[in-house]
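Chemist: Take this structure first; my questions come after.
Residue numbers (our numbering): 4 to 190.
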């Protein structure tokens with residue numbers, strides 16, 4: 004089955020449109036990281052609310068029964084409530100959600116760093132050089148402390164980094180769209 008030139012051109016336009024959306028989102032994240040973070044939390048709240056409603060609908064009308072019926076009911080109700088709370092107070096939810104996630108990342112980084120330092124110092128006779136691993140462990144500990152003491156700043160920097168990645172991916176999509184467009188002209 005051959006694809007017509009018109010269809011190939013539509014694929015190229017759709018790919019370029021995806022690249023444009025990705026570029027705009029990336030620039031927004033780089034220029035206004037705090038607002039982009041709030042939008043991400045709002046999107047999460049919307050997804051939680053939709054998931055809770057659909058889960059309850061499935062349990063009630065859709066025949067989605069499982070062996071843990073009351074667990075499913077409670078988890079879907081909690082998902083719905085959390086989604087509504089996030090939607091009603093996005094700034095408060097952003098601060099709490101980001102602080103919690105940054106705290107978890109900070110604790111994990113601290114544990115990994117301390118584990119690296121302890122293991123390498125205990126078994127140093129098996130290694131020619133321990134300083135690279137000790138330096139890596141210290142870096143993890145410092146990263147963990149930054150996430151614990153500056154959670155919103157860490158999250159904002161993460162959003163900026165994500166925005167830069169989106170911008171780079173958008174250029175890849177633009178290149179792909181251009182190739183698709185060129186192929187549509189050769190048919």
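Glycine included, every Cβ here is placed at the ideal spot set by N, Cα and C.
Going along the chain, which residues of its own chain have a beta-carbon closer than 8 Å to the beta-carbon of residue 51, five neighbours each way excluded?
Modeler: Against the chain shown, residue 51 aligns to sequence position 48. Cβ neighbours of residue 51 beyond the five flanking positions: 82, 83, 85, 86 and 89.
Chemist: Nearest to residue 109 by alpha carbon, out of 71, 16, 146 and 26?
Modeler: Mapped onto the chain shown, residue 109 falls at position 106. Selected option, being the one with the closest Cα: 146.
Chemist: For residue 152, does the count of other Cβ atoms within 10 angstroms reach 16, so buried, or fall short, so exposed?
Modeler: On the chain shown, position 149 is the one that residue 152 refers to. Burial call: exposed.
Chemist: Taking all protein chains shown into account, do 16 or more other C-beta atoms lie within 10 angstroms of the C-beta of residue 130, making it buried, or fewer, making it exposed?
Modeler: Position 127 of the chain shown, counted from the first residue, corresponds to residue 130. By the 10 Å Cβ count, residue 130 comes out exposed.
Chemist: Based on Cα-Cα distance, which residue from 187, 171 and 188 lies nearest to residue 21?
Modeler: Position 18 of the chain shown holds residue 21. The candidate whose alpha carbon is nearest that of residue 21 is 171.
Chemist: Output needed for residue 136: all residues of its chain with C-beta closer than 7 Å, excluding positions within five of it in sequence on either side, in chain order.
Modeler: Here residue 136 is taken as the residue at index 133 of the chain shown, counted from 1. Closer than 7 Å at the Cβ level, and outside the excluded window around residue 136, lie 119 and 123.
Chemist: Whose C-beta lies closer than 6 Å to the C-beta of residue 31 among residues of the same chain, with five residues either side of it excluded?
Modeler: Position 28 of the chain shown, counted from the start, is the residue given in the question as residue 31. Once the five neighbours on either side are set aside, the close Cβ partners of residue 31 are 39.
Chemist: Alpha carbons only, please: which of 103, 173, 11 and 183 is nearest the one belonging to residue 24?
Modeler: In the chain shown, counting from the first residue as 1, residue 24 sits at position 21. Answer by Cα proximity: 173.
Chemist: Cutting at 6 Å between CB atoms, please list the residues of its own chain near residue 177, excluding the five before and the five after it.
Modeler: In the chain shown, the residue the question calls residue 177 occupies position 174. Counting only Cβ-Cβ distances below 6 Å, and skipping sequence neighbours, we find 22.
Chemist: Once you ignore the five residues that flank residue 180 on each side, which residues in its own chain have a CB closer than 7 Å to its CB?
Modeler: Taking the first residue of the chain shown as 1, we reach residue 180 at position 177. Same-chain partners within the cutoff: 15, 18, 19 and 22.
Chemist: Grab me the residues of residue 163's own chain with a C-beta within less than 8 Å of its C-beta, minus the 5 sequence neighbours each way, in chain order.
Modeler: Sequence index remark: in the chain shown, residue 163 carries index 160 (1-based). The residues are 32, 33 and 36.
Chemist: Less than 7 Å separating the beta-carbons of residue 150 and residue 157?
Modeler: By one-based count along the chain shown, residue 150 stands at place 147. By one-based count along the chain shown, residue 157 stands at place 154. Taking 7 Å as the Cβ cut-off, residue 150 and residue 157 qualify as a contacting pair.
Chemist: CB-CB under 6 Å to residue 79, same chain, minus the five flanking residues each way: which ones, in chain order?
Modeler: Against the chain shown, residue 79 aligns to sequence position 76. Within the same chain, residue 79 has close Cβ partners 55, 58 and 59.
Chemist: If I measure Cβ to Cβ from residue 28 and keep anything under 7 Å in the same chain, skipping five residues before and after, which residues do I get?
Modeler: Walking along the chain shown from the start, residue 28 turns up at place 25. 169.
Chemist: Assuming residue 75 and residue 62 form a contact by the criterion Cβ under 8 Å, report the distance between their Cβ atoms to the nearest whole angstrom.
Modeler: Position 72 of the chain shown holds residue 75. Position 59 of the chain shown holds residue 62. Their Cβ separation, rounded to whole angstroms, is 6 Å, which keeps residue 75 and residue 62 in contact under 8 Å.
Chemist: In this structure, does DSSP put residue 39 in helix, strand or coil?
Modeler: Counted from its first residue, the chain shown places residue 39 at position 36. Three-state DSSP puts residue 39 in a helix.
Chemist: Cβ atoms of residue 182 and residue 11: under 7 Å apart, would you say?
Modeler: As a first step, residue 11 must be located in the chain shown, where it is residue number 8. As a first step, residue 182 must be located in the chain shown, where it is residue number 179. Against a cut-off of 7 Å, the Cβ pair of residue 182 and residue 11 comes out as no contact.
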